[in-house]
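J.:
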Amino acid sequence: MDLEKSKLQDMYLKMLHIRRFEEKVAHFFTLGKVHGTTHLYVGEEACAVGACSALEEKDYITSTHRGHGHCISKGIDLNRMMAELLGKETGYCKGKGGSMHIADLSRGNLGANGVVGGGQAIAVGAALTLRMKKSDQVVLCFFGDGASNAGSFHEALNLAAIWKLPVIFFCENNLYGMSMPVSKSMNVRDVAEKAAAYGIPGRVVDGNNVLEVYSAVLEAREYARSSGPILLEAKTYRWLGHSKSDANVYRTREEIADWKERCPIKSFRKYLEENGVFTASELDAIERQASSDIDKAVEFAEQSPYPSMDTVCDDVYA
Amino acid sequence: MREITYAQAIKEAMCEEMRRDERVFLIGEDVGLYGGAFGVSVGMLEEFGEERVRDTPISEAAVIGAAVGAAVTGMRPVAEIMFSDFLTIGTDQLVNQAAKIRYMFGGKAKVPMVVRTPGGSGTGAAAQHSQSLEAWFCHIPGLKVVAPSTPADAKGLLKAAIRDDNPVVFFEQKLLYRKKGPVPQEDYVIPLGKADIKREGKDATIITYGRMVQACLKVAEDLAGQGIDIEVVDPRTLLPLDKGALISSAAKTGRVLIVHEAVQTGGIGGEIASVIAESEAFYYLDAPIKRLGGLDVPIPYCPELEKNVVPTEKTITEAVLKLFE
Ligand SMILES: Cc1ncc(C[n+]2csc(CCOP(=O)(O)OP(=O)(O)O)c2C)c(N)n1
Ligand SMILES: [Mg+2]
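Chains A and B, in that order, are what the protein sequence lines are.
For the first sequence, our numbering begins at 1071 and goes up steadily by one.
For the second sequence, our numbering begins at 18 and goes up steadily by one.
Listed below in C-alpha cells is the structure:
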C-alpha cells in the first residue's frame, strides 16, 4: 500500500500511545489512583488505529466501554484524557464521566458507552443527521462481538440498511464478551455473517494487522457513502482481563500467550523496518516520543485539580 | 451464629431453593464459569450444571423475556441482570409483560420469577452503572420490589421471592456484597411486605432501606450519645409496603425522616411520606416529614463527588436534627 511516511508514522505513534496509556492506567489501578473499573484495549490497537486512520476528522465514531483506543485513534488530547481517568476537572468530562464516558464531539467522537450495544442506534441517528444535512461524511460504529447479540444491534443494522445510511458497523471480535466465548454466544462463526440478514455486505479482516484494517475501512467508507451500511468484523484479542476484576478463568494461558505472539504493534514495527519505511533508530525515537507523551499526560493529570462539589449539579440540563 | 457475606447469603438462598425445587434455575450473563460479575454465583455451575446455571449472551431483553416465558409455563426462573441500570433494556418484558400477564389473562396465568440485580453507587463506575431505579418498578402493579439491607434479610427475602407466584424485582447492592453478618444456616423465609425495626427508639423514626440502613444505624448510635433516641425502620420490601409498620413507628415517635440513595425526586420516599401523612399518624407528628434522597443528578465519576451526591452520615445527622428545630 502506498501510504505517506507521515501517515504511517502517525499510525505507529497512535498504536504506541494506546499501549502506553493502557499500561499506565493499569498501573494506576494497582496503586489505587484510578478508581471504578476500566476495560483495557491492549492487544487490539490495530483495530482502532487502522479504522480511524481511514476516516476524516469530521466523520463520526461511536465507541464502547473499551474505548480508550478509539479516543486516541480519533485524535484526542492525551492530557485531558488522562485527567478524566483521574477524575480531574480538566478532563474531557470535567471528571464526571471517567473511563467509560470519554467523548470529544469536536473531533467527531460521540463517546464511549457503558452500556453494551448502547452506541449502535446512536450511530444510525448520527448518519441520519449527515443524510438530512446533505453531508458526505460517514459514521463508524465500534462494538464488540458480545454487542452483536444485543437486540439494539439488529434493530440498528436494519434501520441503517432500509434507509441506506452511511454507517460502517465495525465489530471488534476479540472472541469473548466478558467470559462468554463467541462459540457459545452465537450460532454463526463470524459476526460478519449477520450482515446477510439485513441485505448489507459483511467482511472479515485481520484485526491485528493495522494496514489491512486501514484499507478495509477506506473501502468501506467509499461504499457507505455511495451505497449504505456495511459490516466489518476485525478478528482480534484482548490481552488483559475483561475489566480490572477478572481472573481469566474462562480462557487458557496458552491461548493468551499465542495471541501475544501476534502483537499488532510488533508486527507493524517489523513491517515498517523490513520495508525500509523507517530505520530501527527512527522507530525507537517514535517509541520514546510515545512514552514521553504519556508521561506528560500523567504529569498534567496529576497536577490538575479535582472538580469542586459546587459544580456537581451543573450540566444535568442544557 | 456464623457470619457470611451478603453475596454468600444470596447464593445460599438460590442453592437451597434449587435443591428444594427442580423448577428453579439461574439465568444471566456470566453467571456460570465466571460466577457472576460480583461473584454471587461462584461454584453454582459445578453443583447444578449448565442447564440450571445458564450463561446467556448480552441480551437483557431476551433474558428477562425468556424468564417470563419459562415462568408462565411452569418454571421458576431467577434472572440476574448484571447492573440494575441494564434493567432498562429488559423493562418491556418486566413491565408490559411479566407484571400484567396475570391480570390481562383474567387471573388464569401466574409469572413466578425473580429478577436479581445490583444497584447503587460507590464503586466509581459512573452514571450508567450506579443508579438506584427501584422506585420505577414500585409504580407498576403486578410487580413486587425487594431491597434487602443485611445478609440475613437477603437470604430470607430471596427465598420468599423465589417461592412467590409473582414477578419480583430483587435489588441487591454492590457495596453490600462483601459485608458480613449473622445468617441462620437453616431454611427460613422472610415474608415479602414485612418491615423490620432495625433499632428501636422513641424520639424520631428514620425509614430507610438497602445500603443506607448501615449509615442510619451509625447516625442513630452517635445521636444516642446526645440523648436522641432514634428508631430505624427498614421496609425491606418496597412494593407492597408494610404501611402499618411505618405508620405505627411514625405515630410512636412523632418525627419522621426517610432516607434513600435513589434520587429524591420521584423516589419511594415521597410515597412513604404520603402514606404517613394520610394516616392517623399525621395527628401525632411534631415536625414535617422530611426526605433525604440522592441529589437529582446522574452519579458522577470523581470519587469525592460520587460520595457526596448520596446521603452521608453527615447529611443524615443534619436532617435528623432538623426534625427537632
Ligand atoms: C447492556 C449491558 N449488559 C451487560 C454489560 C456488562 N458488560 C460490560 S462489557 C461486557 C462484555 C462486552 O463484550 P463485547 O461486546 O464482546 O466487548 P469486549 O468487552 O469484548 O470488548 C459486558 C457483559 C453492559 N455494560 N451493558
Ligand atoms: Mg468481545
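We put the beta carbon where it would ideally sit given N, CA and C, even for glycine.
On a predicted model such as this, the values are computed, not experimentally measured, just so you know.
Rounded to the nearest angstrom, what separates residue 1155 of chain A and residue 74 of chain B at their Cα positions?
T.: One C-alpha to the other measures close to 29 Å.
J.: How many whole angstroms separate the CB atoms of residue 128 of chain B and residue 208 of chain B, which I take to be in contact at a CB cut-off of 8 Å?
T.: Their Cβ separation, rounded to whole angstroms, is 19 Å, which puts residue 128 of chain B and residue 208 of chain B out of contact at 8 Å.
J.: Take residue 1127 of chain A and list the residues in its own chain whose beta-carbon comes closer than 8 Å to its own, dropping the five residues that flank it on each side.
T.: Closer than 8 Å at Cβ, skipping near neighbours: 1145, 1177, 1178.
J.: Which residues in the same chain have their Cβ closer than 6 Å to the Cβ of residue 217 of chain B, if we skip the five residues on either side of it in sequence?
T.: Excluding positions up to five away in sequence, the list reads 248.
J.: So that I know if they touch, is there some Cβ in chain A lying closer than 8 Å to that of residue 226 of chain B?
T.: With 8 Å as the cut-off, residue 226 of chain B does not count as an interface residue toward chain A.
J.: Is residue 1318 of chain A near ligand 1, going by C-beta to nearest heavy atom under 7 Å?
T.: No.
J.: Say whether chain B places a C-beta atom closer than 8 Å to the C-beta of residue 1394 of chain A.
T.: Past the boundaries of the shown model lies residue 1394 of chain A; chain A is included only from 1071 to 1388, so the question cannot be answered.
J.: Does the CB of residue 336 of chain B have a neighbour CB from chain A at under 8 Å?
T.: Taking Cβ atoms only, chain A never reaches closer than 8 Å to residue 336 of chain B, which makes this a no.
J.: Applying a beta-carbon distance threshold of less than 7 Å, which residues of chain A neighbour residue 319 of chain B?
T.: Under the 7 Å cutoff, chain A gives 1157, 1165, 1166, 1376, 1377.
J.: Step through the CB atoms of chain A and report whether any lies within less than 8 Å of the CB of residue 30 of chain B.
T.: With 8 Å as the cut-off, residue 30 of chain B does not count as an interface residue toward chain A.
J.: Please state the DSSP three-state secondary structure of residue 1376 of chain A.
T.: In this structure, residue 1376 of chain A counts as coil in the three-state DSSP scheme.
J.: Terminal residues of the continuous alpha helix (DSSP H) containing residue 1139 of chain A?
T.: Element bounds for residue 1139 of chain A: 1138–1143.
J.: Ligand 1 heavy atoms versus the CB of residue 137 of chain B: any closer than 7 Å?
T.: Not so, every heavy atom of ligand 1 lies at least 7 Å from the Cβ.
J.: With distances taken Cα to Cα, identify the nearest neighbour of residue 1175 of chain A among A:1188, A:1148, A:1169, A:1141.
T.: The residue with the shortest Cα to Cα distance from residue 1175 of chain A is A:1141.
J.: Report the rounded CA-to-CA distance for residue 1299 of chain A versus residue 1236 of chain A, giving the unit in angstroms.
T.: Distance between the alpha carbons of residue 1299 of chain A and residue 1236 of chain A: 5 Å.
J.: Comparing the C-beta of residue 1383 of chain A with each C-beta of chain B, is any distance below 8 Å?
T.: Yes, contact with chain B.
J.: How long is the line joining the alpha carbons of residue 1361 of chain A and residue 1143 of chain A, rounded to whole angstroms?
T.: Those two C-alpha atoms are separated by around 16 Å.
J.: Would you verify that the beta carbon of residue 1219 of chain A is, or is not, closer than 8 Å to some beta carbon of chain B?
T.: Judged by the 8 Å Cβ criterion, residue 1219 of chain A is in contact with chain B.
J.: May I ask which residues mark the beginning and end of the alpha helix (DSSP H) holding residue 1098 of chain A?
T.: Looking at the DSSP string, the run of the alpha helix (DSSP H) that includes residue 1098 of chain A is 1075–1101.
J.: Mapping DSSP to helix, strand and coil, what is residue 287 of chain B?
T.: If DSSP states are grouped into helix, strand and coil, residue 287 of chain B belongs with the helices.
J.: Anything in the region 33–46 of chain B with a Cβ closer than 8 Å to a Cβ of chain A? List those residues in chain order, please.
T.: Taking 8 Å as the Cβ-Cβ cut-off against chain A, the residues of the region 33–46 of chain B that qualify are 46.
J.: Could you check what DSSP says for residue 1244 of chain A in three-state terms: helix, strand or coil?
T.: In this structure, residue 1244 of chain A counts as coil in the three-state DSSP scheme.
J.: Could you pull the DSSP bridge partners for residue 161 of chain B from this structure?
T.: Per DSSP, B:185.
J.: Below 8 Å between beta carbons: does that hold for residue 1307 of chain A and residue 1245 of chain A?
T.: Yes, these two residues count as a Cβ contact at 8 Å.
J.: If the criterion is Cβ atoms closer than 8 Å, does the pair residue 1284 of chain A and residue 1124 of chain A meet it?
T.: Yes, the Cβ-Cβ distance between residue 1284 of chain A and residue 1124 of chain A is below 8 Å.
J.: Run the proximity test for residue 72 of chain B: is its beta-carbon closer than 7 Å to any non-hydrogen atom belonging to ligand 1?
T.: No - ligand 1 has no heavy atom lying nearer than 7 Å to the Cβ of residue 72 of chain B.
J.: Would you check if there are 3 or more beta carbon pairs closer than 8 Å linking the region 162–182 of chain B to the region 26–46 of chain B?
T.: A contact exists between the region 162–182 of chain B and the region 26–46 of chain B.
J.: Hey, how far is the Cα of residue 1092 of chain A from the Cα of residue 1365 of chain A?
T.: Distance between the alpha carbons of residue 1092 of chain A and residue 1365 of chain A: 12 Å.
J.: Using the DSSP secondary-structure output, state which residues sit across from residue 221 of chain B in a beta bridge.
T.: According to DSSP, which records beta bridges pairwise, residue 221 of chain B is partnered with B:247.
J.: Are residue 1243 of chain A and residue 1305 of chain A closer than 8 Å when you measure CB to CB?
T.: Result yes, Cβ atoms of residue 1243 of chain A and residue 1305 of chain A sit closer than 8 Å.
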